[in-house]
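Report on the structure given below.
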Amino acid sequence: MMRSTRTPLVVSAPADTYNARHMEPGTEVLDSLLRQGAAQAHVEVYHWELHRWGRQARVAVQVDRPGGVTVDDCARASRVMAALLDQADPLTSSYLLEVSSPGVERVLWEPRHYAQAVGKLIQLKLSTAGARRGRLVGATDTTITVDLEGTTVGIPLVEVERARVVYEKEQGSR
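In this text, residue positions in the sequence shown follow the working numbering: the first is 324, and each later residue adds one.
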């Protein structure tokens, strides 16, 4: 088996208008089709990425809805999205479509993701202070508030390099 040493082009596309302005040129049609397919499947796009290796492409889409998504939800969204992509052909190449849930330890990409995670334990990688873990107690479009071992700290989102929810076993469960 031969492996390519070429670095793939990765286009990360956000799931709302806050990040739409950060989209790579030419991906607006793809974004629109993915959102249309998600809506038809009764889910919403949480996040998506386009990875290109030469003439091949991989579209990785995370979908969600209140209460979470099932495997059947992901399969339905995949079928609808694939039909729309095949019809419109925005990639002009062969592609692999992957549709999944963001999972319980989901990455927080956008301000709305932080707002949805208020009250949860999160792991942060900050540009100014390295890795931190704390409870997310507040979120706005520009800042998050985190309880770090009893000290409440406001952190501008521009300083957050990466953030994800940390799974916590429920009290009393085995």
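We put the CB at the ideal spot given by N, CA and C, even for glycine.
(request) In the DSSP assignment, find the unbroken beta strand (DSSP E) run with residue 373 in it and report its ends. (result) Element bounds for residue 373: 367–376.
(message) Distance check for residue 351 and residue 470, CA to CA, integer angstroms please.
(response) Roughly 37 Å separates the two Cα atoms.
(request) Using only alpha-carbon positions, find the residue among 414, 432, 488, 454 that is nearest to residue 445. (result) Taking residue 445 as reference, the option from 414, 432, 488, 454 with the minimal CA-CA separation is 488.
(request) Return helix, strand or coil for residue 358, following the three-state DSSP convention. (result) The answer is helix: DSSP assigns residue 358 an H, G or I state.
(request) List the whole-angstrom C-beta distance separating residue 403 from residue 364, where the pair is believed to meet the contact cut-off of C-beta under 8 Å. (result) Contact annotation, residue 403 with residue 364: C-beta distance approximately 5 Å; criterion of less than 8 Å satisfied.
(message) Looking at the secondary structure, which residues open and close the alpha helix (DSSP H) in which residue 429 lies?
(response) Run containing residue 429: none; DSSP gives neither H nor E here.
(message) Once the 5 residues before and after residue 454 are set aside, which same chain residues still bring their CB inside 6 Å of it?
(response) Non-local C-beta neighbours of residue 454 in its own chain, meaning closer than 6 Å and more than five positions away in sequence, comprise 448, ordered along the chain.
(request) State the start and end residues of the unbroken beta strand (DSSP E) segment that holds residue 423. (result) Segment 417–423, the beta strand (DSSP E) holding residue 423.
(message) Quick check on DSSP: helix, strand or coil for residue 310?
(response) For the chain, the structure presents residues 324 to 497; residue 310 sits outside this window and is missing.
(request) Name, in chain order, the residues that DSSP records as bridge partners for residue 387. (result) In the DSSP output, where bridge partners are listed per residue, residue 387 has 367.
(request) Specify the secondary structure class of residue 400 as computed by DSSP and reduced to three states. (result) It is helical.
(request) Count the other C-beta atoms from every protein chain shown that fall within 10 angstroms of the C-beta of residue 376, then say buried if there are 16 or more, exposed otherwise. (result) The Cβ neighbour count for residue 376, taken over all protein chains shown within 10 Å, is under 16; the residue is labelled exposed.
(request) With DSSP collapsed to three states, give me the class of residue 459. (result) Three-state result, residue 459: strand.
(request) Using the DSSP secondary-structure output, state which residues sit across from residue 476 in a beta bridge. (result) Residue 476 is bridged to 469.
(message) If I measure Cβ to Cβ from residue 460 and keep anything under 7 Å in the same chain, skipping five residues before and after, which residues do I get?
(response) Correct list, in chain order: 441, 468, 469, 470, 475.
(request) Would you grab the beta carbon distance between residue 369 and residue 387 for me? Rounded to a whole angstrom, and I think it's under 8 Å. (result) So it is a contact: roughly 4 Å between Cβ atoms.
(request) Name the one or two DSSP bridge partners that residue 379 has. (result) According to DSSP, which records beta bridges pairwise, residue 379 is partnered with 376, 417.
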